[in-house]
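Asker:
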Amino acid sequence: MRTGLHLFAGALLVAVPACPAQADAPDDAPAAHVYDFRIEAQSMQAALNRFSEQSGVRILFAYDAAKGLRSRRLRGRKTPRAALETLIAGTGLRLVSLRGNVAVLRLDTPDTSGTNGDGANDNANAALADAHTPLSVAMPPPEPILVTGRRLSSPATAIGEGHVSQTSAVTRRALLSAPPGISGLKMLEYLPGFNVQTDGALGLYEFGNSVQTRAFNLDQIGFVVDGIPLGRSDAFGGSPVFRYVDNENLAQVEASTGAGDLANPSYASLGPMVVYSSIVPDATPGLMMAQSFGSDELARTFLRVESGRVGPFRAYLSRTRLNSDLWRGAGSVDREHWEGQLRTDLGGGSWARFKFVSNRFFDYDSPSLTRAQYESDEADLGGKTGRARGYIGFVPVLAESVAGVPYSNAGYAYYYGNAINARDDRLYGATLHLARREDAASFLETTLYAEDKNGYGVSPDTYANSLVYYDQQAAAGLAVTAPRGLQYGYSGVWGRRRGAVVKAALELGAHRLDAGAWHESDRYARQQYRLNRADGAPDGAVLDDEVVYYRRDYHSRRTVTQFWLRDRWTPGDGPLTIEAGFKGLLADYAFSGYRDYADYALADGTPGWGPQKAHAHYADGFQPSAGLVWRFDEERTQLFASYAQTMAFPKGMDTLASTAFQSSSAFATMPRAERARNAELGLRTVQPRFYATGAVYLTRFTNLIAPISAAAPGGDGTLETQYANVGAVNARGVELTASVKPAALRDIAYFNANLTFSDARFADDMPDGTKIAGKRLPDSARWIVTGSATLEPTPWLLGNISAKYTSRRYADYINTQSVRGQLVVSAYVELGREEGLGPLRTARLRINVDNLFDTDALSFIYQTVNEEASYRPLSPRTVQVTLTGAF
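Counting from 7, one number per residue, gives the positions in the sequence shown under my numbering.
Right, here's the structure in full:
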């Protein structure tokens, strides 16, 4: 007869270190999250195992206490607490606590002898009720040991169990394997189907990030943080996700590469969606600190304070401060990031959440490189070659290009002090979730949000270039000042977003209906002009009263309304679920102001067109989507299929609208809305020693927007550069991901792998005659293969090595320039145990090494149609050391 305590950990673990039930952060499956549970009535041990698979919650219970018990049947979308209480209802088991991602069960029995039939005693149950009592493990239960690990995502969540589309996720355990401070965008490297290229190991340079998936790039992917849509991703007027998340505060990142959930609001998405979910404030007071040091003088401090439960309230406040030198060239990166969340339980399944994020960012630019510069042996002004080329931190002595103008040499633009980016952004959100019970099957939820954006950028403007536009505007009668040397190129941005999202769900028998609406107003302003510096020197004082020339001064407004309706039907509560729905999008765009040079002065010195106004409207009230899930073999294997039609607000509208022609005052023709059709078929499974998912897909993306050379509307026929719809892109491919924990390795190692094959090609030649039909989409890799091996030989030691291969990518539409395939290897080692040591709840020391073998290659691509492309090189090997403690 077996007695003892057994740990069910998302899947069963065979060893449990002595640890409190609460680790350094809230769980992978916080109480606010809901999961689609499907568990048949069966033995209690088996049912609890399935519950752990589907929720990621570990369950502590006395094995003999559950012996002979039968679970209740569990169906539907529920929180972990509500699902567990349903599963054990009427069995004598009682949920003692659900703290963090650990649930503790106890058997209530009238037997005063303290035994349960065959002699299991209450001492074991009493030990379980004490969150600080060390646990021990006897013989493993007869249920299979599933794939688990301290830095491995929960199986059901990782492969998108229950979704009709290809969906994968990184949960909290895996997120903590990433280098502290990594950007929210770079986290997508961990998921199949995403080609992520960043400037630097942490991906913090906003103008050096790119994402490609299927037929789409970053501009056609939708991002949502805690129910708040982020709109555009461009670094100037948009809301890039990396400004609004810290990985220590994230519970999960879920992504769909094709037909994303239509209930996620976005006017940018043509299918792909990425949803970031924050942790829920802990019910126990606490303090978490993480201090990092690394290459390039990196210093990062993270601090989070948890209030614990105070009446119905609980909250946390975190602050991050990061400072680092640029990895190439002079300059630094400085980031101060605040996050706060207040949550209150309103009874039943109702709750309210208030959150804010403040992000201040200041960094210096580094130059993009042509291939010729990258491969040249001729050093730059700082004596650097190859990938190390970068702006210099001193003012050189150079010969005058124009006699009598000391700083007229264009080489002075290589001084770093005139290449600056600065941002100050704030995001506020309030969510009210109303539900009669905690199972969350039927609810009403409203989210209100506000975002305020401010910032500026600086770029150098040479004497020769400034003189051209000064002469034109001075001749046109504008109050401008002659250039002195190197000019200070100012670009200021301001933005304000206000919006509301309303969602409702209702369960009616075998049907689960959900509907919602979203409305947003997004205002944006931009100014650009050039100022003199004292004596024209690159490091001279900025002379605010000496404008050399004006370039832009405009306001734009986007007003968006989106609505959706969907039904999920499970006939007879059987193995088949059918999903059908639609969404609609109404979008208005308005622009007013000075667009570019020609609105101030024409090339011949005559007055320009002056401020202009434009308006565009886009609408599609019926974008259908449909899908199904068929469950096999005890529901551990699922077949899924989906189809969706989408329309998105045209990308780059401000860039398009701010084009001013020399031959006409007219605006460029407003483009048609971008559209896509996504179809996919896949299979996912969770088995005793592995879990995996794979899908094949077909995508058609129409009305692609790109620069062309064409006659200006209303002009004299002169060809001028403008943005326009240029045709379609067809993509087909395969996406696979798997994790395995071989029994032969005695459960001390597990392996992950992702494989992506994508063939994305232009379907049409460009309107200006450029031949691109059949050519591959720039920056789209045909093959992306990632793999990692993680070793956990003891409870206090963990090591990982990972590799990513990205095949050749083209840099231009005509496929004449490319970057070669590259293999990048990274690794980390973690020391420490998540167990109590006096007031210290957990302590860890991590060492992360990025680009372990120092691969030297071009990485980020600035795409072109048929001109010379430029690039950003892959950063060299970097090392980061982090000490984390929680109290």
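Yeah, the Cβ is synthetic: ideal placement off N, Cα and C, and Gly gets one too.
Keep in mind it's a predicted model, so treat the numbers as computed, not measured.
When DSSP labels each residue in this structure, what does L454 get in the three-state scheme?
Answerer: As a working mapping, residue 454 is identified with position 448 in the sequence shown. Here L454 sits in strand by DSSP.
Asker: So, with DSSP's three-state summary, where would you put T139?
Answerer: Taking the first residue of the sequence shown as 1, we reach residue 139 at position 133. Here T139 scores only 31 on pLDDT, less than 50, and its place in the model should not be relied on; the value that follows carries that caveat. Of the three classes helix, strand and coil, the one that applies to T139 here is coil, per DSSP.
Asker: First and last residue of the beta strand (DSSP E) that includes I94?
Answerer: Along the sequence shown, read from residue 1 onward, the residue named residue 94 stands at position 88. Unbroken run through I94 is the alpha helix (DSSP H), P86 to I94; no beta strand (DSSP E).
Asker: Under 7 Å between the Cβ atoms of K780 and S764?
Answerer: The count along the sequence shown starts at 1 and reaches residue 780 at position 774. The count along the sequence shown starts at 1 and reaches residue 764 at position 758. Residue 780 is actually Gly in this sequence, not Lys. For G780 and S764, no; Cβs fall outside 7 Å.
Asker: Y476 by DSSP, collapsed to three states: which one?
Answerer: As a first step, residue 476 is located in the sequence shown; it is residue number 470 there, counting from the start. Y476: helix per DSSP, three-state reduction.
Asker: Based on the DSSP output, what are the partners of G700 in its beta bridges?
Answerer: For the purposes of this step, residue 700 is taken as residue 694 along the sequence shown, with counting starting at 1. G700 pairs with L689 and L742.
Asker: Return the chain-ordered list of same chain residues with a C-beta closer than 8 Å to the C-beta of P318, the five sequence neighbours on each side being excluded.
Answerer: Counted from its first residue, the sequence shown places residue 318 at position 312. If we look at P318 and ignore the five residues flanking it on each side, its Cβ neighbours are T350, D351 and L352.
Asker: Report all residues from its chain with a CB closer than 6 Å to the CB of F646; omit the five preceding and five following residues, and keep chain order.
Answerer: To locate residue 646, count along the sequence shown from 1; it is residue 640. Taken in chain order, the residues that qualify are V170, V635 and G688.
Asker: Rounded to the nearest angstrom, how far is the Cβ of D232 from that of G522, given a contact under 8 Å?
Answerer: Along the sequence shown, read from residue 1 onward, the residue named residue 232 stands at position 226. Along the sequence shown, read from residue 1 onward, the residue named residue 522 stands at position 516. The Cβ separation is near 15 Å, so there is no contact.
Asker: Check whether the segment 717-737 touches the segment 746-762, counting contact only when three or more Cβ pairs, one atom from each stretch, lie closer than 8 Å.
Answerer: Verdict: no, contact absent.
Asker: With distances taken from CA atoms, which of Q51, G62, R81 and V63 is nearest G74?
Answerer: On the sequence shown, residue 74 is found 68 positions in, with the first residue counted as 1. Nearest C-alpha to G74: Q51.
Asker: Between which residues of its own chain and A863 is the CB-CB distance below 6 Å, once the five residues before and five after are set aside?
Answerer: By 1-based counting over the sequence shown, the position of residue 863 is 857. For A863, where only same-chain residues beyond five positions count, the Cβ hits under 6 Å are Q828 and L880.
Asker: Return the bridge partner residues of W333 from the DSSP annotation.
Answerer: On the sequence shown, residue 333 is found 327 positions in, with the first residue counted as 1. Note: W333 sits in no beta bridge, so no partner.
Asker: Using CA coordinates, which residue listed in K657, R678, G399 and E686 is at the minimum distance from S648?
Answerer: To locate residue 648, count along the sequence shown from 1; it is residue 642. The shortest Cα separation from S648 among K657, R678, G399 and E686 belongs to E686.
Asker: Taking the alpha helix (DSSP H) that A162 belongs to, which residues open and close that run?
Answerer: Counted from its first residue, the sequence shown places residue 162 at position 156. That run of the alpha helix (DSSP H) goes P161 to A164.
Asker: Could you spell out the range, first to last residue, of the alpha helix (DSSP H) harbouring N215?
Answerer: Locating residue 215 in the sequence shown gives position 209, counting from the first residue. Run containing N215: none; DSSP gives neither H nor E here.
Asker: Measure the C-alpha to C-alpha separation of I65 and P86 and round it to an integer number of angstroms.
Answerer: Mapped onto the sequence shown, residue 65 falls at position 59. Mapped onto the sequence shown, residue 86 falls at position 80. Their backbone Cα atoms lie some 11 Å apart in a straight line.
Asker: For the candidate residues D774, T699 and I867, whose alpha-carbon lies nearest to that of L197?
Answerer: Here residue 197 corresponds to residue number 191 of the sequence shown, with the count starting at 1. Nearest of D774, T699 and I867 to L197, Cα basis: T699.
Asker: Counting along the chain, where does the beta strand (DSSP E) carrying M294 start and finish?
Answerer: To locate residue 294, count along the sequence shown from 1; it is residue 288. Counting along the chain, the beta strand (DSSP E) containing M294 begins and ends at G292 to G300.
Asker: Suppose you measure from the CA of I584 to the CA of W575; what does that come to, to the nearest Å?
Answerer: Position 578 of the sequence shown, counted from the first residue, corresponds to residue 584. Position 569 of the sequence shown, counted from the first residue, corresponds to residue 575. Roughly 5 Å between the two C-alpha positions.
Asker: Rounded to the nearest angstrom, what separates Y600 and Y556 at their Cα positions?
Answerer: Mapped onto the sequence shown, residue 600 falls at position 594. Mapped onto the sequence shown, residue 556 falls at position 550. When rounded, the distance between both Cα atoms is 9 Å.
Asker: If I'm right that G463 touches N427 with Cβ under 8 Å, what's the distance once you round it to whole angstroms?
Answerer: Taking the sequence shown and counting its residues from 1, the one referred to as residue 463 is at position 457. Taking the sequence shown and counting its residues from 1, the one referred to as residue 427 is at position 421. So it is a contact: roughly 5 Å between Cβ atoms.
Asker: Could you check how far apart the C-beta atoms of Y282 and V251 are, in whole angstroms? I think they sit under 8 Å.
Answerer: Position 276 of the sequence shown, counted from the first residue, corresponds to residue 282. Position 245 of the sequence shown, counted from the first residue, corresponds to residue 251. Between V251 and Y282 the Cβ distance is about 5 Å, and since that is below 8 Å, they are a contact.
Asker: Cβ atoms of L662 and Y756: under 7 Å apart, would you say?
Answerer: Looking up residue 756 in the sequence shown gives position 750. Looking up residue 662 in the sequence shown gives position 656. No, these two residues do not count as a Cβ contact at 7 Å.
Asker: Taking the alpha-carbon positions, what's the L80 to G501 distance?
Answerer: Taking the sequence shown and counting its residues from 1, the one referred to as residue 80 is at position 74. Taking the sequence shown and counting its residues from 1, the one referred to as residue 501 is at position 495. Cα-Cα distance, rounded: 47 Å.
Asker: What number of angstroms, rounded off, separates the C-alpha of F449 from the C-alpha of L54?
Answerer: Within the sequence shown, the letter at position 443 stands for residue 449. Within the sequence shown, the letter at position 48 stands for residue 54. When rounded, the distance between both Cα atoms is 26 Å.
Asker: Would you say N107 and V40 are within 7 Å of each other, going by their C-beta atoms?
Answerer: Mapped onto the sequence shown, residue 107 falls at position 101. Mapped onto the sequence shown, residue 40 falls at position 34. No; because the gap between Cβ atoms is not below 7 Å, this pair is not in contact.
Asker: So what's S876 in DSSP terms, helix, strand or just coil?
Answerer: For the purposes of this step, residue 876 is taken as the residue at position 870 of the sequence shown. Reduced to three states, the DSSP call for S876 is strand.
Asker: According to DSSP, V553 sits in a beta bridge with which residue or residues?
Answerer: Stepping through the sequence shown from its first residue, residue 553 is reached at position 547. In the DSSP output, where bridge partners are listed per residue, V553 has L537.
Asker: Report yes if the CB atom of P801 is closer than 7 Å to the CB atom of R839, and no otherwise.
Answerer: Start at 1 with the first residue of the sequence shown, and residue 801 comes out as number 795. Start at 1 with the first residue of the sequence shown, and residue 839 comes out as number 833. Yes, Cβ-Cβ distance for P801 and R839 is below 7 Å.
Asker: How many angstroms separate the CA atom of R220 from the CA atom of T822?
Answerer: Sequence index remark: in the sequence shown, residue 220 carries index 214 (1-based). Sequence index remark: in the sequence shown, residue 822 carries index 816 (1-based). Each residue's Cα considered, the two are about 21 Å apart.
Asker: Alpha carbon to alpha carbon, how far is S103 from A875? Give it in angstroms, no decimals.
Answerer: Looking up residue 875 in the sequence shown gives position 869. Looking up residue 103 in the sequence shown gives position 97. If you take the alpha carbons of A875 and S103, they lie about 59 Å apart.
Asker: So, helix, strand or coil for Q28, using DSSP?
Answerer: As a first step, residue 28 must be located in the sequence shown, where it is residue number 22. With a pLDDT of 34 at Q28, under the threshold of 50, the modelled position of this residue cannot be trusted; read the value that follows with caution. Coil, per DSSP.
Asker: Any chance you could list the beta strand (DSSP E) runs of at least 3 consecutive residues sitting entirely within the segment 640-666, in chain order?
Answerer: Entirely contained in the segment 640-666, the beta strand (DSSP E) runs reaching 3 residues are, in chain order, 643-654.
Asker: Could you name the residues of the same chain whose beta carbon sits closer than 8 Å to that of D964, not counting the 5 residues immediately before and after it, in chain order?
Answerer: Residue 964 lies beyond the range of the chain shown here (7 to 893); nothing can be said about it.
Asker: Taking all protein chains shown into account, decide if D225 is buried (16 or more other Cβ within 10 angstroms of its Cβ) or exposed.
Answerer: Here residue 225 refers to the residue found at position 219 of the sequence shown. Classification of D225: buried, given that the 10 Å Cβ count is 16 or more.
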